[in-house]
Amino acid sequence: MRRRRTVALAAAVAAVGACASPLTVPAGPQAADPVCAEVLQALPGELAGGEERSIASQSIAGWGDPAITLRCGVDVPGPSTERCITVESGDSSVDWLALESDDAMVPDHARRENGSWTFVTYGRVPAVEVVVPTERGGDQPTAVLVDLARAVERTTAERACIGLEDL
């Protein structure tokens with residue numbers, strides 16, 4: 014009887030897995046950082062109307078199709094002339110670099126035919142990257158950053174954005 018249940022469970026899992034293939038986004042170099050596990054546990058189950066997707070790499074999350082992706086443990090960017098934005102949500106505040114599509118810091122998986130927005134936390138360790146496909150970002154691609162702020166704030170802030178007026 015126990016073997017029959019195990020086989021039935023395995024068949025059910027295989028059937029569900031066949032419906033939605035896992036996201037295959039490469040893990041960041043510091044994906045094993047324990048803080049990334051805290052970030053992933055605090056993420057929402059739904060983002061921008063998309064349900065959470067299964068993943069095939071460590072410290073990765075994704076929602077909907079085409080998937081909005083989050084990678085924790087990417088390389089921490091140093092001082093930059095990229096546009097830096099501060100996203101606030103309640104008591105949470107996270108600084109992000111907003112990368113242009115032709116920027117060298119944009120990873121290969123974010124270079125999509127239809128375009129995407131790529132954001133990387135600035136001044137936080139470990140760093141977090143969020144890629145929002147154009148089709149999912151609408152007029153406000155930064156809205157997803159508001160919904161992710163509480164989870165991303167679990168990383169340690171070591172620096173903050175500054176503007177020309179701060180120099």
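Read in order, the letters of the sequence shown correspond to residues 14 to 180 in the numbering used here. C-beta atoms are modelled at their ideal positions from N, C-alpha and C, and glycine is treated no differently.
Practice prompt. Using DSSP bridges, identify the partner residues of Ala-74.
Written response: Leu-83
Item to complete: Ignore the nearest five residues each way along the sequence and tell me which others in Arg-163's own chain have a CB closer than 7 angstroms to its CB.
Response: Ala-55, Ser-102 and Ser-105
Discussion item. Quick check: Thr-131 and Leu-161, are their CB atoms within less than 7 angstroms of each other?
Written reply: no
Discussion item. Please report the straight-line C-alpha distance between Ala-170 and Gly-136, rounded to a whole angstrom.
Written reply: 6 angstroms
Discussion item. Please classify Arg-167 as buried or exposed, where buried requires at least 16 other C-beta atoms within 10 Å of its C-beta.
Written reply: buried
Worksheet item: Is the stretch 37-52 touching the stretch 64-76, taking contact as three or more C-beta pairs under 8 angstroms?
Response: yes
Discussion item. Among Pro-90, Cys-174 and Gly-58, whose alpha-carbon lies nearest the alpha-carbon of Val-138?
Written reply: Pro-90
Practice prompt. List the endpoints of the continuous beta strand (DSSP E) containing Pro-146.
Written response: 140-146
Practice prompt. Would you identify the three-state DSSP class for Leu-56, choosing helix, strand or coil?
Written response: coil
Discussion item. Considering Cα atoms alone, identify which of Met-118, Pro-146, Thr-99 and Val-48 is closest to Gly-75.
Written reply: Pro-146
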